[in-house]
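Asker: Pasting a structure below so you can have a look.
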Amino acid sequence: GQQVMQIPQYQHVQEGEDFTTYCNSSTTLSNIQWYKQRPGGHPVFLIQLVKSGEVKKQKRLTFQFGEAKKNSSLHITATQTTDVGTYFCAGYQELGGGSNYKLTFGKGTLLTVNP
Amino acid sequence: SQTIHQWPATLVQPVGSPLSLECTVEGTSNPNLYWYRQAAGRGLQLLFYSVGIGQISSEVPQNLSASRPQDRQFILSSKKLLLSDSGFYLCAWSAGSDTQYFGPGTRLTVL
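Those protein sequences? They're chains H and G, same order as listed. The working numbering puts the first residue of the first sequence at 1, with every later residue one more than the last. The working numbering puts the first residue of the second sequence at 1001, with every later residue one more than the last.
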């Protein structure tokens, strides 16, 4: 079955340093989504990437979708303490049919930021 | 706008007791509904999903079950809880294959 691997599991940085988390799928994806979960909270949707090679930015966050649509990355420039949380990627794969699809979450990367 | 509710927010139950967690969605029709479990604050394990009333797909065999008695209501149940059922239970909805929106979750501790 489809697997979505995410690395690293944990990342501790000093405030102001950059941070990157990587996501790799065993199969080609229709799209990839990124979510953020603050400590004690629930996952919140950040962005969706659909096109091969797509790059999207949200302020200090840059999201990339690989050319082969099997990998993705999230890069945060100059981290702040508000960036603390677990970042999940989720790969969407169509299995055929109108509602036959699967969204598989990676295990997430826990980011901690030292002020 | 759409909102998703879960209750209770926290729950402490003895081993062997029954469980019923409820999730309701407002502001949308015929949503896809999901139950996830998150153990130790990390990965999301999909337990059940539903594309319509009475339609439940199970991802992982276990002592839990799900039901969808109404279009915007999703219930997670167990007849007898195990210690391993402890975790953070999240309900989510999506409009077809679109983004998933998560509820606030229920923290379940089985003692």
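C-beta atoms are modelled at their ideal positions from N, C-alpha and C, and glycine is treated no differently.
1. Can you tell me whether His12/H is buried or exposed? The criterion is at least 16 other CB atoms within 10 Å of its CB, across all chains shown.
2. Three-state secondary structure (DSSP) at Ser1029/G?
3. With a threshold of 8 Å, are at least 3 pairs of Cβ atoms found where one atom belongs to the stretch 20 to 36 of chain H and the other to the stretch 1007 to 1024 of chain G?
4. Give a yes or no on whether the C-beta atoms belonging to Gln1006/G and Cys1091/G are separated by under 7 Å.
5. Can you name the start and end residues of the beta strand (DSSP E) that Ile76/H belongs to?
6. Determine the contact status of Leu1108/G and Tyr1089/G, defining contact as a CB-CB distance below 7 Å.
7. Helix, strand or coil: how does DSSP classify Thr20/H here?
8. Count the other C-beta atoms from every protein chain shown that fall within 10 angstroms of the C-beta of Ser1084/G, then say buried if there are 16 or more, exposed otherwise.
9. Tell me whether the beta-carbon of Gly1087/G lies closer than 7 Å to the beta-carbon of Lys107/H.
10. Please classify Leu1111/G as buried or exposed, where buried requires at least 16 neighbouring CB atoms within 10 angstroms.
11. Strictly below 8 Å CB to CB, what residues from chain H border Gly1103/G?
12. Using the beta-carbon of each residue, which ones in chain G are nearer than 7 Å to Gly108/H?
Answerer: Short version:
1. exposed
2. coil
3. no
4. yes
5. 71 to 76
6. yes
7. strand
8. exposed
9. no
10. exposed
11. His42
12. Arg1042, Gly1043
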